[in-house]
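2 protein chains.
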Amino acid sequence: MSDRLEAVKQQVESALDSAMSALPGGELSDAMRYACVGGKKLRAFLVMESARLHDVPEAAALPVAAAVEALHAYSLVHDDLPAMDDDDLRRGMPTVHVQWSEATAILAGDALQSLAFALLSDPVIGAAETRMRLIARFADAVGARGMVNGQMLDIAAEQATTPLDLDGIKRMQAAKTGALIIFAAEAGALIANADPAALRDYADNLGLAFQIHDDVLDVTGDEETIGKRVGKDARAGKATFVSLMGLDGARSHAAELTERAIAALSPYGEQADNLRDLARFVIDRQS
Amino acid sequence: MSDRLEAVKQQVESALDSAMSALPGGELSDAMRYACVGGKKLRAFLVMESARLHDVPEAAALPVAAAVEALHAYSLVHDDLPAMDDDDLRRGMPTVHVQWSEATAILAGDALQSLAFALLSDPVIGAAETRMRLIARFADAVGARGMVNGQMLDIAAEQATTPLDLDGIKRMQAAKTGALIIFAAEAGALIANADPAALRDYADNLGLAFQIHDDVLDVTGDEETIGKRVGKDARAGKATFVSLMGLDGARSHAAELTERAIAALSPYGEQADNLRDLARFVIDRQS
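Each protein sequence line maps, in turn, to chains X and U.
Residue 1 in full-length UniProt numbering sits at position 1 of the first sequence, and the numbers go up by one each step.
Residue 191 in full-length UniProt numbering sits at position 191 of the second sequence, and the numbers go up by one each step.
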């Protein structure tokens with residue numbers, strides 16, 4: 001699985017690089033490119049594995065994987081802004097607004113969102129009906145009913161006097177990180193016009209396990225390995241899965257969700273072993 | 001023409017309102033809605049008139065007009081941010097980051113961009129091929145090769161020691177405001193799968209005339225009528241069409257471009273009279 005993850009990472013970084021080489025040179029495209037480098041590209045991996053399970057050719061899935069990662073990169077660039085989470089370190093490098101400026105970070109994020117939709121328009125993905133099915137789902141997942149709504153709930157929680165409870169934090173995370181992870185996992189089924197229900201169930205559990213483990217790493221991990229600042233949430237008195245469930249409680253809930261994610265893959269048999277490995281990896285990773 | 005402009009404005013505001021009523025309530029959708037209210041909705045008018053010229057039903061064109069205005073609204077919200085143009089007044093009201101917060105303004109802009117693509121996915125527009133044609137063109141017009149690139153050139157010019165020359169300012173404006181105006185004017189032809197060349201020529205000239213007149217109003221107009229701050233560019237020593245051509249020079253160049261825009265419409269005969277009136281309106285308007 002880790003070889004395959006590394007291979008997908010290289011494929012998708014190269015696809016993004018080639019998409020961005022068609023842009024005018026200068027600070028904007030430099031910042032966009034910078035924002036897309038690094039990270040594990042888990043979402044791209046989900047797209048490529050979901051495609052393989054539905055006999056979708058790699059060449060057709062690759063622009064979708066690149067679109068998901070471009071969108072994810074934009075969300076990180078905007079999340080890191082001083083007016084949002086105010087982070088100076090991401091993937092072990094200075095954040096975009098630190099490396100360039102706030103204006104450049106806002107615009108690079110904006111243009112990465114447009115680029116994601118441009119990538120989803122690539123005819124190599126399939127018929128116009130296929131691409132429209134993806135785009136309609138994607139626009140919904142990343143907008144005010146999905147990812148941006150989650151980010152807004154997160155910001156609102158920081159400013160509220162009462163921290164979120166467990167239901168509140170689950171709802172926030174389902175929108176903030178879950179919606180795009182679900183889209184990525186469903187993408188192969190959507191391209192093949194197959195039923196995405198099993199993959200949705202898998203991704204729903206995987207996304208939450210991923211987020212819980214992120215909160216665990218924020219307490220137990222070190223900045224150098226993780227590549228971003230740690231301990232900020234605790235210092236800010238923000239509710240996290242660890243503050244609400246304790247370290248052991250959070251770990252065992254993540255393990256339980258991982259089992260559920262794995263169980264959801266049963267319709268795919270051994271073909272889905274990479275996705276099972278990914279689910280285990282998500283709660284074992286050190287970064 | 002002004003009755004028709006007002007009718008389109010109401011139609012498109014109502015379409016946007018109904019699209020946003022499907023979103024979760026709260027500050028995010030409040031801010032998105034607020035950002036879409038007011039203004040002249042010239043871009044929506046271009047879409048609806050372009051559609052009429054190609055016998056595209058109003059119902060099919062309306063989501064496209066709404067998408068263009070949602071995208072335009074996002075660009076204004078982000079442009080007004082402290083890290084960008086730092087404006088506190090827009091369409092006669094406090095800007096989104098003044099009314100709420102910077103974080104809300106960033107996220108409302110982000111979600112309005114997603115909403116624009118969601119609107120372009122509406123099956124009422126036409127076949128999947130038709131919508132894909134629009135979306136591919138739109139993503140290109142609003143991203144790092146179009147609008148966002150123009151905004152970046154504008155910011156770079158503010159920070160440069162030498163102000164832009166006339167060619168530089170035309171190139172910047174062609175990207176910053178021209179690309180979306182061209183998309184709007186071409187939209188009807190794109191939906192009908194007709195040749196958009198004449199409308200592109202019209203919009204190219206119209207967009208530049210519009211921007212030159214904006215620079216004229218920034219010198220001659222008053223804030224209350226215009227609904228945004230005036231004189232900022234001159235105070236900042238920023239190159240504008242007026243600083244480069246003088247007030248009379250700018251006015252006569254805008255008039256010349258308007259004549260060219262009108263001439264480009266000749267293939268459409270009298271059917272295009274509303275678009276001719278719009279071109280005249282663009283250089284006569286007081287706000």
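Built from N, CA and C at the ideal position, the CB exists for glycine as well.
> Residue range of the alpha helix (DSSP H) that A44 (chain U) falls in?
Replying inline: Position 44 of the second sequence, counted from the start, is the residue given in the question as residue 44 (chain U). Its alpha helix (DSSP H) spans residues L42 to L53.
> Near L23 (chain U), which residues of its chain fall below 6 Å by C-beta distance, leaving aside the five closest residues on each side in sequence?
Replying inline: Position 23 of the second sequence, counted from the start, is the residue given in the question as residue 23 (chain U). Excluding positions up to five away in sequence, the list reads S29.
>> Taking the alpha helix (DSSP H) that K232 (chain U) belongs to, which residues open and close that run?
In response: For the purposes of this step, residue 232 (chain U) is taken as residue 232 along the second sequence, with counting starting at 1. That run of the alpha helix (DSSP H) goes K232 to R235.
> Residues of chain X with CB under 9 Å from H72 (chain U), in chain order?
Replying inline: Translated into the one-based positions of the second sequence, residue 72 (chain U) becomes position 72. Going along chain X, no residue has its Cβ under 9 Å from H72 (chain U), so there is no contact; the nearest lies around 13 Å.
> Within the present structure, is the beta-carbon of G38 (chain X) separated from the nearest heavy atom of the ligand ADP by less than 7 Å?
Replying inline: No copy of the ligand ADP appears in this structure; indeed no ligand is present at all.
> Going by C-alpha distance, which of X:Q211, X:G188, X:A185 and X:D140 is nearest Q173 (chain X)?
Replying inline: The residue you call residue 173 (chain X) lines up with position 173 of the first sequence. Looking at the Cα atoms, X:Q211 is the closest of the given residues.
>> By alpha-carbon positions, which one of U:G269, U:F45, U:R33 and U:S18 ends up nearest to F183 (chain U)?
In response: Position 183 of the second sequence holds residue 183 (chain U). Of the candidates U:G269, U:F45, U:R33 and U:S18, the one whose C-alpha sits nearest the C-alpha of F183 (chain U) is U:F45.
> In terms of residue numbering, what span does the alpha helix (DSSP H) encompassing K170 (chain X) cover?
Replying inline: For the purposes of this step, residue 170 (chain X) is taken as the residue at position 170 of the first sequence. Residue range L166 to Q173 is occupied by the alpha helix (DSSP H) that includes K170 (chain X).
>> List, in chain order, every chain X residue whose beta-carbon is nearer than 7 Å to that of D3 (chain U).
In response: For the purposes of this step, residue 3 (chain U) is taken as residue 3 along the second sequence, with counting starting at 1. The contacting residues do not exist; D3 (chain U) stays about 33 Å from chain X at best.
> Does DSSP put G89 (chain U) in a helix, in a strand, or in coil?
Replying inline: Numbered from 1 along the second sequence, position 89 holds the residue referred to as residue 89 (chain U). First, the amino acid is wrong: residue 89 (chain U) is Leu here, not Gly. L89 (chain U) falls in the strand class under three-state DSSP.
> If you follow the alpha helix (DSSP H) that T95 (chain X) is part of, which residue opens it and which one closes it?
Replying inline: The residue given as residue 95 (chain X) occupies position 95 in the first sequence. It is not in any alpha helix (DSSP H) - T95 (chain X) carries neither H nor E in the DSSP assignment.
> If you check the beta carbons only, do G207 (chain U) and G231 (chain U) fall under 8 Å apart?
Replying inline: Along the second sequence, one-based indexing puts residue 207 (chain U) at 207. Along the second sequence, one-based indexing puts residue 231 (chain U) at 231. No; because the gap between Cβ atoms is not below 8 Å, this pair is not in contact.
> With DSSP run on the structure shown, which of helix, strand or coil describes N193 (chain X)?
Replying inline: Working through the first sequence from its first residue, we reach residue 193 (chain X) at position 193. Correct three-state label for N193 (chain X): coil.
> What did DSSP end up calling M1 (chain U) once you bin it into helix, strand or coil?
Replying inline: In the second sequence, counting from the first residue as 1, residue 1 (chain U) sits at position 1. Three-state result, M1 (chain U): coil.
>> Three Cβ pairs or more, each shorter than 8 Å: is that satisfied between the segment 120-136 of chain X and the segment 76-87 of chain U?
In response: no
>> Suppose you measure from the CA of A156 (chain U) to the CA of Q286 (chain X); what does that come to, to the nearest Å?
In response: Locating residue 156 (chain U) in the second sequence gives position 156, counting from the first residue. Locating residue 286 (chain X) in the first sequence gives position 286, counting from the first residue. Whole-angstrom Cα-Cα distance: 40 Å.
> If we count the other Cβ atoms within 10 Å of its Cβ and call it buried at 16 or more, is G75 (chain X) buried or exposed?
Replying inline: As a first step, residue 75 (chain X) is located in the first sequence; it is residue number 75 there, counting from the start. The sequence shown places Ser at residue 75 (chain X), not Gly. Result: buried.
>> Contact criterion: CB-CB distance below 8 Å. Does S18 (chain U) meet it with respect to chain X?
In response: Taking the second sequence and counting its residues from 1, the one referred to as residue 18 (chain U) is at position 18. No, S18 (chain U) does not count as interfacial toward chain X.
>> Would P94 (chain U) pass as an interface residue toward chain X - the criterion being a Cβ-Cβ separation below 8 Å?
In response: Translated into the one-based positions of the second sequence, residue 94 (chain U) becomes position 94. Not closer than 8 Å to any Cβ of chain X, the Cβ of P94 (chain U) fails to qualify, so no.
>> Quick check: what's the CA-CA separation for residue 293 (chain U) versus L257 (chain U)?
In response: A query on residue 293 (chain U) cannot be resolved here, the shown segment of chain U reaching from 1 to 287 and no further.
> So what's M147 (chain U) in DSSP terms, helix, strand or just coil?
Replying inline: Along the second sequence, read from residue 1 onward, the residue named residue 147 (chain U) stands at position 147. Correct three-state label for M147 (chain U): helix.
> Is the distance from the Cβ of I226 (chain U) to the Cβ of A203 (chain U) below 8 Å?
Replying inline: In the second sequence, counting from the first residue as 1, residue 226 (chain U) sits at position 226. In the second sequence, counting from the first residue as 1, residue 203 (chain U) sits at position 203. Going by C-beta atoms, I226 (chain U) is not nearer than 8 Å to A203 (chain U).
> What does residue 291 (chain X) touch in chain U if you count any residue whose Cβ is under 8 Å from its own?
Replying inline: Since the first residue shown for chain X is 1 and the last is 287, residue 291 (chain X) is missing from the structure and cannot be characterised.
> Under three-state DSSP, which class holds L81 (chain U)?
Replying inline: As a first step, residue 81 (chain U) must be located in the second sequence, where it is residue number 81. Coil, per DSSP.
>> Could you check whether the Cβ of S266 (chain U) sits closer than 8 Å to any Cβ belonging to chain X?
In response: Taking the second sequence and counting its residues from 1, the one referred to as residue 266 (chain U) is at position 266. Taking Cβ atoms only, chain X never reaches closer than 8 Å to S266 (chain U), which makes this a no.
> Would you say I191 (chain U) and L134 (chain U) are within 8 Å of each other, going by their C-beta atoms?
Replying inline: Here residue 191 (chain U) refers to the residue found at position 191 of the second sequence. Here residue 134 (chain U) refers to the residue found at position 134 of the second sequence. It is a contact, given that the beta carbons lie within the stated cut-off.
> Does the Cβ-Cβ distance between R260 (chain X) and N205 (chain X) come in under 8 Å?
Replying inline: Here residue 260 (chain X) is taken as the residue at index 260 of the first sequence, counted from 1. Here residue 205 (chain X) is taken as the residue at index 205 of the first sequence, counted from 1. Yes, the Cβ-Cβ distance between R260 (chain X) and N205 (chain X) is below 8 Å.
> Beta carbon of V96 (chain X), beta carbon of A15 (chain X): below 8 Å?
Replying inline: In the first sequence, the residue the question calls residue 96 (chain X) occupies position 96. In the first sequence, the residue the question calls residue 15 (chain X) occupies position 15. Against a cut-off of 8 Å, the Cβ pair of A15 (chain X) and V96 (chain X) comes out as no contact.
> Do the segment 144-154 of chain U and the segment 140-154 of chain X make contact, defined as three or more Cβ pairs closer than 8 Å?
Replying inline: no
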